[in-house]
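These notes concern the structure reproduced below.
Residue numbers (our numbering), protein chains in the order written: chain A, 5 to 412; chain B, 49 to 166.
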């Protein structure tokens, strides 16, 4: 695989992983509530996901082991079961939310009934995953998701106060409504560092047959890919602050995010935003369904991988099919994908330590990593982020209750 | 949080929150209607987004008209229910005529009056 093509993995992971329905919801809502004050939290989350993505990509390239494989070996069977159950529950909730987002985007584009579009989306994803190669999935969703860049144009065209935007990058605590501020801090960090991203990324690295000579590509993927995702997150929050805060709008729907693009750019902006959202949440759907199937297959020691024919990895193929059907069942109950997203993000925050602690342990294990073991800088950052992860994991549920899921 | 969803009595805090959400719906509807008036949106988007907002305000109207409220604020709660119902009817017009510029302008004006939108 050429290095340029290899960067596709980073782009799909970034667009689909860093900018998913959770980012759309939390970043725009945070902007609409606190203006640009929470931009610094995106930077914190961005550095954290780059640090850990680089680490788990390095583990995959050097040891040939994906994250869940390592979790099973490092934390033992019982610990791995807890990690597996929590990750699968969060993955399923996230998958349902992302598929709901796909159906909403399709509805806003076509005007067709929402429930039909849920069924269509699930069927379409099953067919795409079954018949399309991994490279083409990366190309289609990664490059389709680049339409999200329209929000960077929107953020500039809305003419925000750049002085205030700059001030938003300086970490600080809000003077008023501190609980709600803390809720958004936790939510934004949760969306940035959601566990399925590293599960998908590390397994994808093994699918792409990375070896130590691909460590440069791994680093470029992590920095460029997530850097792009982070830029979009900044744009979404600035858009929320520049448009919705000043108009007294508290965004509750995915369509409201697209409405923002319509203000400065008209129909072209609206259509680019809807197509971008469609591909971004579509890519995240693919990421989450694969992450769920990878985790179970790696835990159970089954054959796994998209490069294998479904007949070569039948239980892996059955797992992602079942996950899609379960997500379909959840959405058909009428649950609101945006509300589901908020719960999925907050529960994923609670599960963060179960994902990131084993990665740090394995990346420091000379038996696995040899001379590619973590250096001092990577360890220092990894440890700092473990502390951050522990704090937000402990704070997530209390803040969810105290703020009524961010409603007041 | 929709007052009708908490299953309890509507208090001042819930009423304030619901009022803020209704204002948000009205302001978003006004923004959308302005785009319809200027021909800057698509028919499908305007219709579907107006419908989402209509359903939300209709749910508020239903909840605020039925739920028990503290006696001291009951009149305000029922007024807010009527306000939500008017909002729902106005958004229904936009849903029914998502490409009519004149209707868009009228709805935008009506919605701006229903809330303090900037």
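Yeah, the Cβ is synthetic: ideal placement off N, Cα and C, and Gly gets one too.
Under 8 Å from the C-beta of residue i: neighbouring residues of chain A
i                     : result
residue 58 of chain B : Neighbours of residue 58 of chain B on chain A: none; closest Cβ ~14 Å, over 8 Å.
7 Å Cβ cutoff, residue i in contact with chain B
i                      : result
residue 302 of chain A : no
residue 67 of chain A  : no
residue 252 of chain A : yes
residue 282 of chain A : no
residue 270 of chain A : yes
residue 58 of chain A  : no
residue 406 of chain A : no
residue 157 of chain A : no
Within chain A, the residues that residue i reaches when beta carbons sit closer than 7 Å
i                      : result
residue 100 of chain B : 257, 259
residue 159 of chain B : In chain order: nothing, as chain A lies at least about 12 Å away.
Minimum Cβ-Cβ distance from residue i to chain A less than 7 Å
i                      : result
residue 108 of chain B : no
residue 120 of chain B : no
residue 88 of chain B  : yes
residue 127 of chain B : no
residue 146 of chain B : no
residue 71 of chain B  : yes
residue 155 of chain B : no
Cβ distance (whole Å) where residue i is taken to contact residue j below 8 Å
i                      : j                      : result
residue 341 of chain A : residue 108 of chain A : 7 Å
residue 357 of chain A : residue 397 of chain A : 6 Å
residue 209 of chain A : residue 305 of chain A : So it is not a contact: roughly 19 Å between Cβ atoms.
residue 121 of chain B : residue 70 of chain B  : Between residue 70 of chain B and residue 121 of chain B the Cβ distance is about 15 Å, and since that is not below 8 Å, they are no contact.
residue 135 of chain B : residue 125 of chain B : At roughly 15 Å, the Cβ-Cβ gap does not stay under 8 Å, so residue 135 of chain B and residue 125 of chain B are not in contact.
residue 156 of chain A : residue 236 of chain A : 7 Å
residue 242 of chain A : residue 169 of chain A : 6 Å
residue 361 of chain A : residue 390 of chain A : 7 Å
residue 73 of chain B  : residue 101 of chain B : 5 Å
residue 99 of chain A  : residue 126 of chain A : Contact flag wrong, Cβ pair sits at about 10 Å.
residue 55 of chain A  : residue 262 of chain A : In fact, because the Cβ distance is near 32 Å, the residues do not count as touching under 8 Å.
residue 186 of chain A : residue 403 of chain A : 6 Å
residue 133 of chain B : residue 150 of chain B : Wrong, their Cβ atoms sit about 24 Å apart, outside the cutoff.
residue 53 of chain A  : residue 230 of chain A : 5 Å
residue 350 of chain A : residue 191 of chain A : 7 Å
Alpha helix (DSSP H) segment containing residue i, residue limits
i                      : result
residue 403 of chain A : 380–406
residue 76 of chain B  : 60–85
residue 131 of chain B : 122–144
residue 215 of chain A : Run containing residue 215 of chain A: none; DSSP gives neither H nor E here.
residue 334 of chain A : 318–336
residue 161 of chain A : 154–161
residue 140 of chain A : 138–148
residue 445 of chain A : Outside the modelled stretch of chain A, which goes from 5 to 412, sits residue 445 of chain A, for which no answer is possible.
residue 345 of chain A : 341–367
residue 166 of chain A : 166–172
residue 111 of chain A : 71–114
residue 91 of chain B  : 91–114
residue 31 of chain A  : 25–38
residue 132 of chain A : 118–135
Interface partners of residue i on chain B, CB under 8 Å
i                      : result
residue 115 of chain A : 91, 92, 95, 96
residue 41 of chain A  : Going along chain B, no residue has its Cβ under 8 Å from residue 41 of chain A, so there is no contact; the nearest lies around 19 Å.
Amino acids of chain A, ordered along the chain, whose beta-carbon sits closer than 9 Å to that of residue i
i                      : result
residue 164 of chain B : 252
Interface partners of residue i on chain B, CB under 7 Å
i                      : result
residue 111 of chain A : 96
residue 266 of chain A : 83, 88, 89
Under 9 Å by beta carbon: chain B residues contacting residue i
i                      : result
residue 263 of chain A : 76, 79, 80, 83, 89, 93, 97
residue 274 of chain A : 83, 88, 89, 90, 93
key: Uninterrupted alpha helix (DSSP H) stretches inside the segment 193–281 of chain A (no shorter than 4 residues)   = Secondary structure within the segment 193–281 of chain A: the alpha helix (DSSP H) runs of 4 or more consecutive residues, fully enclosed, are 199–211, 219–224, 230–243 (chain order).
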